[in-house]
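Presented below is the structure to which this report refers.
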Amino acid sequence: MAARLDHAPWLLSAIGLVAAITAARLVFLAFNRTDLFVDEAQYWLWGQRFEYGYYSKPPLIAWLIGAVTAVIGDQPFWVRAPFAVFHGAAALILAALAAQLYGARVAVWTALSYVTLPMVAVGSLLASTDTIMAPFFCAALYCHRRVIDGADLRFAVLAGAAAGFAFLAKYAAIYFLLGVALAAFWPAMRMPWRHGAAMIAAFTVVILPNIIWNLGHDFTTVSHTMDNAGWVRDASPLAGMSATRALAFLASQFGVMGPILFATLIWALMRGATKGLWIFVVPALSVVTLQAMLEKAYANWAAASYFAGTVVAVAMLVTRPRLLTAAVAVNAAICLGLATLPLFPEVRLGRDAPLLERYLGRADLSRQIITAAQGRGHLPVVSDSRDVLADLFYTGAAAGLAFYAPPPQGRPMHHYAQAYPLPADVKGPVLYVTATPFSCATPALDEVPLQTEGGNYARHGLRAYIVSADCFAQS
Numbered sequence: 000m001a002a003r004l005d006h007a008p009w010l011l012s013a014i015g016l017v018a019a020i021t022a023a024r025l026v027f028l029a030f031n032r033t034d035l036f037v038d039e040a041q042y043w044l045w046g047q048r049f050e051y052g053y054y055s056k057p058p059l060i061a062w063l064i065g066a067v068t069a070v071i072g073d074q075p076f077w078v079r080a081p082f083a084v085f086h087g088a089a090a091l092i093l094a095a096l097a098a099q100l101y102g103a104r105v106a107v108w109t110a111l112s113y114v115t116l117p118m119v120a121v122g123s124l125l126a127s128t129d130t131i132m133a134p135f136f137c138a139a140l141y142c143h144r145r146v147i148d149g150a151d152l153r154f155a156v157l158a159g160a161a162a163g164f165a166f167l168a169k170y171a172a173i174y175f176l177l178g179v180a181l182a183a184f185w186p187a188m189r190m191p192w193r194h195g196a197a198m199i200a201a202f203t204v205v206i207l208p209n210i211i212w213n214l215g216h217d218f219t220t221v222s223h224t225m226d227n228a229g230w231v232r233d234a235s236p237l238a239g240m241s242a243t244r245a246l247a248f249l250a251s252q253f254g255v256m257g258p259i260l261f262a263t264l265i266w267a268l269m270r271g272a273t274k275g276l277w278i279f280v281v282p283a284l285s286v287v288t289l290q291a292m293l294e295k296a297y298a299n300w301a302a303a304s305y306f307a308g309t310v311v312a313v314a315m316l317v318t319r320p321r322l323l324t325a326a327v328a329v330n331a332a333i334c335l336g337l338a339t340l341p342l343f344p345e346v347r348l349g350r351d352a353p354l355l356e357r358y359l360g361r362a363d364l365s366r367q368i369i370t371a372a373q374g375r376g377h378l379p380v381v382s383d384s385r386d387v388l389a390d391l392f393y394t395g396a397a398a399g400l401a402f403y404a405p406p407p408q409g410r411p412m413h414h415y416a417q418a419y420p421l422p423a424d425v426k427g428p429v430l431y432v433t434a435t436p437f438s439c440a441t442p443a444l445d446e447v448p449l450q451t452e453g454g455n456y457a458r459h460g461l462r463a464y465i466v467s468a469d470c471f472a473q474s
């Protein structure tokens, strides 16, 4: 009989563990001394205006950050705080799936194992689309299993709606639908056609506004996704194949999921001990490994594999309690280290630069640029650096200045070039921040010194010039 959430014996234990870890993460986050990363600042800016889509991502992350910061405040803590909570919710939903399949003991261990995954630790420190996708993807997995086990049509609708919201968080949620499609070839995992149709209908209704938005914006988000894949636009996509990159990506997954849990997941997949969950593990891992072979793949790109994958690995280890305890302990130690590091971001650990260098110096540079522009008559600021513009819009939100990208030559390559190109009617001097040598038929009126030591821009060679806006009309 299907396990139910009400009066489930595992639920209070799972909630207690997840709540304690989530609360600890929020305490650590309150003392985090890093600046918002370029992507985080961009998500914040998107959240200032409600849209059904944005340049490089679907809209859910912007909606969340926009809602939270509008109510509470724009401090970095409030930009990041929801993400630890979202991972906590995902842990409890996965525990419900584990209870459905394996019982109470696996449920509690699944909640604890998921909330201590290294990828969850990172996703609880930063604003990330993977994190927003997580609880919705997990809810889709749970509802799908309920349908497979005989639940009524409501669960098929809930599965489709949850998958739709996961898709509005990150397009990688399409791996859920790919898993459902694979299930159609396996009788034990195949849902009735009416349920399948209801699920697809609910999914379509949820994502339709984003599809319409993309249609009206030249499929800009799809184009950016193709840019990330890289080889899609190559005339000879197989020319750069590298087995070494694929192996390096697979090796990185021991760090994403944790060494013992990832090894156990591979072992379970090889043995076929997954109760059908392999259909939600193998697609993302296989596709991203192929992507790594063809060009590049970041370690987090297969994150969708580790929702169902955590349940599979824990179920495999639950009869080996010492090994399961060791798996969680190793991951918990990694989590503690990751949570502590932003409290001391200048730590170098033998490097010639701070370990968290790319999370430092962003706000400081913005304040220098803002002061220079205000002190010279509130000049408009122009920069060809996405990083610089992202923080200028965030740090300089109340500065009373205008921030622009140079007018794009061809297709805009980032959000600021698309949404904030320097208007043709802007005349007179502007403050131009760039890392490329200044080039214009009209000489620079002045150069503004910038201090960039000890942070993200230490080796970027950024310089600031007061130039005529006509320079950009000539280029």
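Following my numbering, the numbering of the sequence shown begins with 0 at its first residue and continues without gaps.
All C-beta atoms, glycine included, are put in the ideal place defined by N, C-alpha and C.
Contiguous alpha helix (DSSP H) elements confined to the stretch 256-292 occur at 258-270, taking only those with 4 or more residues.
It is roughly 18 Å from the alpha-carbon of D151 to the alpha-carbon of A183.
The DSSP-derived three-state label of P420 is strand.
By the criterion of a C-beta distance shorter than 7 Å, W9 is surrounded in its chain by A94, A98, A103, A106 and V107, once the five residues flanking it on both sides are discounted.
Scanning G454, S112 and P57 for the CA closest to the CA of D351 turns up G454.
For I60, the closest C-alpha among the options D73, Q41 and G349 is that of Q41. Close CB contacts of D73 within its chain, under the 6 Å cut and outside five residues either way in sequence, are absent. A residue is called buried once 16 or more other Cβ atoms fall within 10 Å of its Cβ, and F471 is buried on that count.
In the structure shown, L359 adopts coil according to DSSP, grouped into three states. Excluding sequence positions up to five before and after P407, its CB lies within less than 8 Å of the CB of A416, Q417 and P420, all in the same chain and listed in chain order.
Boundaries of the alpha helix (DSSP H) harbouring P81: P75 to L100, taken from the DSSP string. Between the C-alpha atoms of L100 and K274 there is a straight-line separation of about 8 Å. In this structure, T115 sits near V327, with a CB-CB distance shorter than 8 Å. A168 sits in a helix when the DSSP states are folded into three classes. A check of alpha carbon separations from L260 across A291, M240 and F306 identifies F306 as the nearest.
Rounded to whole angstroms, P422 and D445 show a C-alpha spacing of 22 Å.
In the three-state reduction of the DSSP assignment, S55 falls in the coil class, being assigned neither a helical nor a strand state. Across the set S285, I210 and A155, the C-alpha of A155 shows the shortest separation from the C-alpha of A197. For D445, the pairing in a beta bridge is given by DSSP as I465.
Shortest Cα-Cα distance from A168 to any of H143, R144, L322 and A133 involves A133. With 16 or more other Cβ atoms inside 10 Å of its own Cβ, I206 counts as buried. Taking C-beta atoms as the reference points, G163 and F136 fail to come closer than 8 Å. Residue pairing by DSSP puts P428 in a beta bridge opposite S467. Between the C-alpha atoms of T309 and L391 there is a straight-line separation of about 39 Å. With 16 or more other CB atoms across the displayed protein chains lying within 10 angstroms of its CB, K56 is buried. Taken through DSSP and simplified to helix, strand or coil, T203 comes out as helix. For V346, no beta strand (DSSP E) run applies, since DSSP gives it neither H nor E. A434 and R458 have their C-alpha atoms some 10 Å from each other. In this structure, the straight-line span from the alpha carbon of H216 to that of A172 is close to 22 Å. DSSP, reduced to helix, strand and coil, places Y42 within a helical segment of the structure shown. Nearest to L16 by alpha-carbon distance, out of L388, A397, T263 and A331, is A331. For S12, the enclosing alpha helix (DSSP H) stretches over residues L10 to A29. In the structure shown, A352 adopts coil according to DSSP, grouped into three states. Rounded to whole angstroms, V67 and Y54 show a C-alpha spacing of 21 Å. When secondary structure is reduced to three states using DSSP, A120 falls in the helix class. When the five nearest sequence neighbours on each side are left out, the beta carbons in the same chain lying within less than 6 Å of the beta carbon of K426 are those of A468, in order along the chain.
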